[in-house]
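Asker:
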Amino acid sequence: MAENLITLDLNQPWSERCFCVAPLIVVGTKEANGEYNLAPKHMAMPLGWSNYFGFVCTPRHRTYQNIDRERAFTVSFPSPDEVILASLAAAPRDCSDTKPSLAALPTQPASIIDGVFLQGAYLNLECELQQIIDGFGENSLIAGKILAVQVTESALRLSDLDDQDLLLQSPLLAYLSPGRYAKIAESYSFPFPEGFHQ
Ligand SMILES: Cc1cc2nc3c(=O)[nH]c(=O)nc-3n(C[C@H](O)[C@H](O)[C@H](O)COP(=O)(O)O)c2cc1C
């Protein structure tokens, strides 16, 4: 027998009433004063099968304002070992409107755009702004065109390495919204239906 379904009150945030799995990325942008900003985002995904990537951000965040001005951003995918670093990137700004926690975050320069990555991330994207779509309540979708991608050797899929072993050796970080995270090492081949094409 199917389990009872509970209808939620949409006047309350539905996304706080059950868990949803998401990636956890760190978006890098250039500030107006020439410094670099990093901020974690979990509402993020590839936009289609080609070279586009998007994430949700509010215009109140410096990340949005920087991208709107500079028209470029980086995306770092931290591994589970870097979850604290990703969290520190969300520490509040002080009275001079800077994030002191950023000084503790190791970074490395991007190769094509003027930006930085979180050091230690297993996947790095360099994006130019494609489009900002406002109007999802107080949030917006920021869509970038990917200009360059770097993957660490230990995260790179190889024809002579089993995907299951790859993930056992280099587990992925997942954000379990709201407020939890997971280290994903155990995985299974997806049971695609026979004759399935992308
Ligand atoms: C785990 C985690 C996930 C987050 N995901 C998002 C997100 O998907 N979209 C968003 O706008 N803010 C998200 N935030 C909040 C901002 O990234 C954060 O407040 C950031 O410090 C804003 O900084 P900025 O003003 O420098 O852009 C998240 C914060 C944390 C800790």
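Read in my numbering, the sequence shown has 143 at position 162, and its numbers run on one by one without any break. Backbone N, C-alpha and C fix where the C-beta goes; we use that ideal spot for every residue, glycine too.
#1: For the beta strand (DSSP E) holding residue 18, just list the boundary residues, first then last.
#2: Can you round the beta-carbon distance between residue 54 and residue 9 to whole angstroms, since I take them to be within the 8 Å contact cut?
#3: Are residue 123 and residue 48 close, meaning C-beta to C-beta below 8 Å?
#4: Could you say which of 76, 134, 158 and 159 lies nearest to residue 147 if we only look at CA atoms?
#5: Write down the C-beta distance between residue 91 and residue 107 rounded to the nearest angstrom, noting that I regard them as a contact closer than 8 Å.
#6: Below 6 Å CB to CB, which residues in the same chain sit around residue 89 once its five sequence neighbours on both sides are set aside?
#7: Inspect the beta-carbon positions of residue 132 and residue 103 and report whether they are closer than 8 Å.
#8: For the beta strand (DSSP E) containing residue 127, name the first residue and the last one.
#9: Quick one: complete beta strand (DSSP E) runs, 3+ long, within the stretch 57 to 110?
#10: Count the other C-beta atoms from every protein chain shown that fall within 10 angstroms of the C-beta of residue 44, then say buried if there are 16 or more, exposed otherwise.
#11: Is DSSP giving residue -2 helix, strand or coil here?
#12: Can you give me the Cβ contacts of residue 81 inside the same chain, cut-off strictly under 7 Å, excluding the 5 residues immediately before and after it?
#13: Compute the distance between the beta-carbons of residue 127 and residue 32, then report whether it is under 8 Å.
#14: Give the DSSP-derived three-state secondary structure of residue 135 in the structure shown.
#15: In terms of alpha-carbon separation, which member of 77, 93 and 67 lies closest to residue 87?
#16: Taking residue 180 as the reference, give the member of 158, 41, 7 and 178 with the closest Cα.
#17: Ordered along the chain, which non-local residues of its own chain (more than five positions away) have a Cβ less than 8 Å from that of residue 179?
#18: Considering residue 147, what are the terminal residues of the alpha helix (DSSP H) in which it resides?
Answerer: The relevant details are as follows:
#1: Start and end: 17 to 22.
#2: 6 Å
#3: yes
#4: 134
#5: Beta-carbon to beta-carbon, residue 91 and residue 107 are separated by about 5 Å, close enough to satisfy the 8 Å threshold.
#6: 98 and 100
#7: yes
#8: 120 to 132
#9: 88 to 90 and 97 to 99
#10: Answer is buried; the Cβ neighbour count reaches 16.
#11: Three-state DSSP puts residue -2 in coil, outside helix and strand.
#12: 75
#13: yes
#14: helix
#15: 67
#16: Outside the modelled stretch of the chain, which goes from -18 to 179, sits residue 180, for which no answer is possible.
#17: 30
#18: 144 to 150
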